[in-house]
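*Asks:*
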Amino acid sequence: MTLLQPLLKVTGVGKHFGGLHALKGVDLTIQEGSIHGLIGPNGAGKTTLFNVITGLYRADEGEFFFEGRPYEPSSVADVVKSGIARTFQNIRLFKNMTVLDNVKVGLHTQTHSGVWGALTQNRANRKEEANTVLHAKAWLEFVGLGEHEHEPAHSLSYGDQRRLEIARALATNPKLLALDEPAAGMNASEKLTLKTLISKIKTSGVTVLLIEHDVKLVMGLCSSLSVLDEGRLICEGNPKDVQANPKVIEAYLGVGSVPHVE
Amino acid sequence: MNLSQMNPRIQKILFALLVLCMPLLLLNFGNAWVRILDMALIYVLLALGLNIVVGFAGLLDLGYVAFFALGAYLYALLASPQLLDTFPQLALYFENGLHTPWWVVMPLAALIAALMGALLGAPTLKLRGDYLAIVTLGFGEIIRVFVNNMDQPLNITNGPKGLGSIDPIVLFGHPLSKKIELFGVTWPGVVQYYYFFLLLVVIFVMLCSRLEDSRIGRAWMAIREDEIAAQAMGLGTRNLKLLAFALGASIGGVGGCLFAAFQTFISPESFGLMESVMIVAMVVLGGIGHLPGVILGAVLLASLPEALRFVAAPLQSILGERVDASILRQLLIALTMILVMLVRPQGLWPKSFQLSRQNSPKSKSAEEAQS
Amino acid sequence: MPRSARAPKRGLANESREDQKQKDVLMDVLGQQLINGLVMGSLYALVALGYTMVYGIINLINFAHGEVLMVGAITSWSVMEFFAEYTPAMPLWVAFLISMVLAALVCALINVAIEKLAYRPLRNAPKLAPLITAIGVSIFLQTLVMIIFKPTYKSYHNPLPSDPLNLGPWVITPTQITILVVTALLLVALNLLVNHTALGRAMRATSENPAMASLMGVKVDRIISWTFAIGAVLAAVAGVLWAANFGTVHHAMGFMPGLKAFTAAVLGGIGNLPGAVLGGLCLGLIESIGSGYLGALSGGVLGSQYSDIFAFGVLIVMLTLRPAGLLGERVAERA
């Protein structure tokens, strides 16, 4: 794979729900090793695009390429095998399982032990279980939740729950980590911790796609942005250019807020 | 002497001793009490099986009795005069009658039940909780209707009259239903069955415990907690659900064999909706997914009504013949399901941290922050 | 006349007459099954409406609804027995009507109580909890009736004349006519209620968007209670008519009709009122025609004892292939 080939490239994505066109002709390009932001006013279609990329919805039109190869996930589980993992806007943890177990589930696709192994506890099974524990613990350390291993997931603080969700997604060993509004509901210090974590993730070699409303966070983290409005892509580029783009300002502040220089 | 403060090791040893000596203690009150215990052990097995489906994977199966019936009728047909009576041509091959040993039928029943479990589970995979429950209920009823009516045109199940003269469990040539003299003591059949069933229960508890703490067990629980998130982690939820149905069903089949051998007579009456509901109640009452809780729930619901029957003699005389053990059991089950869900939805003996779920301030504020 | 004695010529006229006779027989059977099917279908429709209304408003399958039918029947029976014993002079049809009203009242109260005590507290609990409670309530009602009234089959004295009327080759009893008429009347009344009254408006609003409805001043809890009450009235009437039609009542009589009515509601599209009616009638017809021909089709292997399975078969097929039902939107699949 050449340096110039993007990790994820989608073109002409269209998705409609009945008569409502949620997405129209949207293009998205994410370079490997970047932190790419997806922003836009409410109802712009960001979550829809997100769900299309991560396999929750089927696109009506569009071409998808991941790592240069055509990418057509037939199910949500397929997406993970291709190398894309995601978190959810409304934190979907396995509430009644321990913190460690949550991450262990993330390792499911990389392990193979089945019923026979579980029932007989043969050497292969025990070895894999030991490995699973090691890896899960490592991921918890990575996100900073090492001391909470055996607590039930529902007892964590809000910020910690978010971090756990990220750890679980990272455990699937993805090439692209898609985060859906990870900073929602966080206070300033929690956001700072999150920012550090996302940078750390990028440094470790995982590309990040981020939906976020917090402009400061987005500008500070992302190396590239895509802006959606009313189901269309209106701008794509680096944060500085995007910030100054009149169409973007209009989308957020309304038509007429920028004098037209046509 | 405070029981709960004792060394856990000693606690376990005392418990094991109690379990081992229980039938001998109850024997003083009569064989009937040990019989109740034996049936309770069969129900513990069934509850363990259903726990895989309902407790681990979170699939509300209301037709579990179908697998129980399958195992029972399979054993009954392979170890009683019924088949040879219906198909006299077969009798030529089996001069001494059809007496398939339990250790041949039980694995067979487990296998067939597993296949049936997967088959019945297949159409339900995309359904949400309440619809899944009704469809599985429907399957259970369909099986019951078939069993009840398969006496025409060929008499396979003997319909509502049931099948009798079923062979008991035979161990090394000795039928467990007959008294035996060992170490100078006479052991009645019911006591022998107790230890046999106890051994099987211990084995299955061990197996279920291993499943619980394994990659597959975690996968099931992930599905139970949040299926979409589980899918987002790459879990093949379809196959995992089918696996849960199959494994749960296979244990049901084994339980059925034991039941048929123990009772030596079975009829479609024992395999109705109430049975399915009762086993669900056992799992729910005990503590969904938590093995010790499930066992407790099974023992309580299986033995309490019978025990109450002896104790409730004065009650019975007041209300006339309106109240008997089965009615009491039904009442108990109904009240259990209502009260447990309203007052203590985690069950009598849940995993320790589930207790704090509803009162944890952190989780409350987190939920508020999200909405 | 033996064939050999007859002239060997088999003309077109002879052939068609024999075929015509066979067709007539089939038509007679079909017609009769149609009548029976519509009658049963009407009863299913009445009960299905209760299921669908409750589902439409709080997204819950009221598992205990079938027992409401049973409670209605047994209340009516007790009232009739009471009158028979203490006021034997009262004409049977008056007692019947009074018992129907009382049954409707009792069932409405019971259903509302069930909602308040067993379902309302669990509104925010995981989906399985109210279902388990509902099952518990269902069993509790059955068992209670069993204890109070003893588990015997009691005969129900039908006040309507039992002589069937002949409509050509078909037969219909006054009771069956009554069922059809009463169902039609109730459907008209329900339609008036739902579409032309303030209560109906409030019910429709709540089923579409409870949060919005409450912001508009609708007392959502009260509307839910009303929904349970109305559904219960329909089921109670169905129960009384059922008892009159089949002549017996007993504690377990509600289970099968309840399940079948639920199937009918799913068949029509759960949450959809006309769908419940359509589903009920369709299910009645499927059952009736199916069991009528089952013996013939299977060469005598399967008899009408298997007719109960029709409902389950329909349910399973519906939920597998078209969970939305005939008239509904997708609801049965995972949210």
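Chains as they are written, first to last, in my numbering: chain L, 3 to 264; chain W, 10 to 380; chain U, 678 to 1012.
For glycine and all other residues, C-beta sits at the position ideal for the given N, C-alpha and C.
#1: Thinking C-alpha only, which one of L:G27, L:S191 and L:S228 is nearest E65 of chain L?
#2: So which residues on chain L does L216 of chain W lean against when the C-beta distance must stay under 8 Å?
#3: Checking the sheet assignment: what are the DSSP bridge partners for P154 of chain L?
#4: Determine the extent of the alpha helix (DSSP H) in which A132 of chain L is found, giving its start and end residues.
#5: Could you tell me the distance, in whole angstroms, from the CA atom of R234 of chain L to the CA atom of V101 of chain L?
#6: Taking DSSP's pairing of strands, which residues face C217 of chain W in a bridge?
#7: When DSSP labels each residue in this structure, what does K26 of chain L get in the three-state scheme?
#8: If contacts are defined as beta-carbon pairs under 8 Å, then A78 of chain W and F280 of chain W qualify, I think. What distance do you get, rounded to the angstrom?
#9: Distance, Cα to Cα, S225 of chain L vs L178 of chain L?
#10: Can you give me the Cβ contacts of A921 of chain U inside the same chain, cut-off strictly under 6 Å, excluding the 5 residues immediately before and after it?
#11: Look at L720 of chain U and L950 of chain U and say whether their C-beta atoms are less than 8 Å apart.
#12: In terms of alpha-carbon separation, which member of W:K360, W:A311, W:A343 and W:T246 lies closest to K135 of chain W?
#13: When the distance is taken between beta carbons, is T904 of chain U closer than 8 Å to I734 of chain U?
#14: I need the DSSP call for S174 of chain W, collapsed to helix, strand or coil.
#15: Considering just the uninterrupted stretch of the beta strand (DSSP E) at D243 of chain L, what are its terminal residues?
#16: What are the residues of the stretch 92-103 of chain L that lie near chain W, defined by any Cβ-Cβ distance shorter than 9 Å?
#17: Would D985 of chain U count as contacting chain W if we go by Cβ distances under 8 Å?
#18: DSSP three-state call for P1000 of chain U: helix, strand or coil?
#19: Just to make sure I have the definition right: I need the residues of chain W whose C-beta is within less than 9 Å of the C-beta of K106 of chain L. Which are they?
#20: Excluding the 5 residues preceding and the 5 following G108 of chain L in the sequence, name in chain order all residues of the same chain whose CB lies nearer than 6 Å to its CB.
#21: Does A343 of chain W have its Cβ less than 8 Å from a Cβ in chain U?
#22: Answer with yes or no whether the minimum CB distance from E104 of chain W to chain U is below 8 Å.
#23: Does R219 of chain W get closer than 8 Å to chain L when you measure Cβ to Cβ?
#24: In the stretch 273-301 of chain W, which residue ranges form an unbroken alpha helix (DSSP H) of at least 4 residues, counting only runs that do not cross its ends?
#25: On the three-state DSSP scale, how would you describe I947 of chain U?
#26: Taking only the alpha-carbon atoms, compute the straight-line gap between I22 of chain W and G306 of chain W and give it to the nearest angstrom.
#27: Does the distance from the CB of L107 of chain W to the CB of L120 of chain W come in under 8 Å?
#28: Quick one: is D696 of chain U buried, meaning 16 or more other Cβ sit within 10 Å of its Cβ, or exposed?
#29: Rounded to whole angstroms, what is the Cα-Cα separation between Y970 of chain U and L93 of chain W?
#30: Drop a sphere of 10 angstroms on the beta-carbon of S839 of chain U, count the other beta-carbons inside from all chains shown, and report buried for 16 or more, exposed for fewer.
#31: On the three-pair Cβ rule with 8 Å, is the stretch 739-751 of chain U touching the stretch 930-945 of chain U?
#32: State the Cα-Cα distance for the pair Q272 of chain W and N124 of chain L, rounded to the nearest angstrom.
#33: Just the C-alpha distance for I336 of chain W and G845 of chain U, rounded to the nearest angstrom, thanks.
#34: Who are the neighbours of R128 of chain L on chain W, taking C-beta pairs under 8 Å?
#35: So the candidates are W:E104, W:A49 and W:L252; which of them puts its Cα closest to the Cα of I225 of chain W?
#36: Per DSSP, S226 of chain L is paired with what?
*Replies:* Per the coordinate set shown:
#1: L:G27
#2: L121
#3: L:T100
#4: R125 to V145
#5: 39 Å
#6: Partner(s): none; C217 of chain W has no beta bridge.
#7: strand
#8: 4 Å
#9: 15 Å
#10: N835 and T852
#11: no
#12: W:T246
#13: yes
#14: coil
#15: No beta strand (DSSP E) holds D243 of chain L; the alpha helix (DSSP H) holding it covers P241 to A246.
#16: N92, I93, R94, L95, F96, K97, N98, M99, T100 and D103
#17: yes
#18: coil
#19: R224 and R227
#20: R170, A173 and T174
#21: yes
#22: no
#23: yes
#24: 282-295
#25: coil
#26: 22 Å
#27: no
#28: exposed
#29: 33 Å
#30: exposed
#31: yes
#32: 37 Å
#33: 49 Å
#34: Per Cβ cutoff of 8 Å: no residues; R128 of chain L is ~11 Å from chain W at best.
#35: W:L252
#36: L:H38
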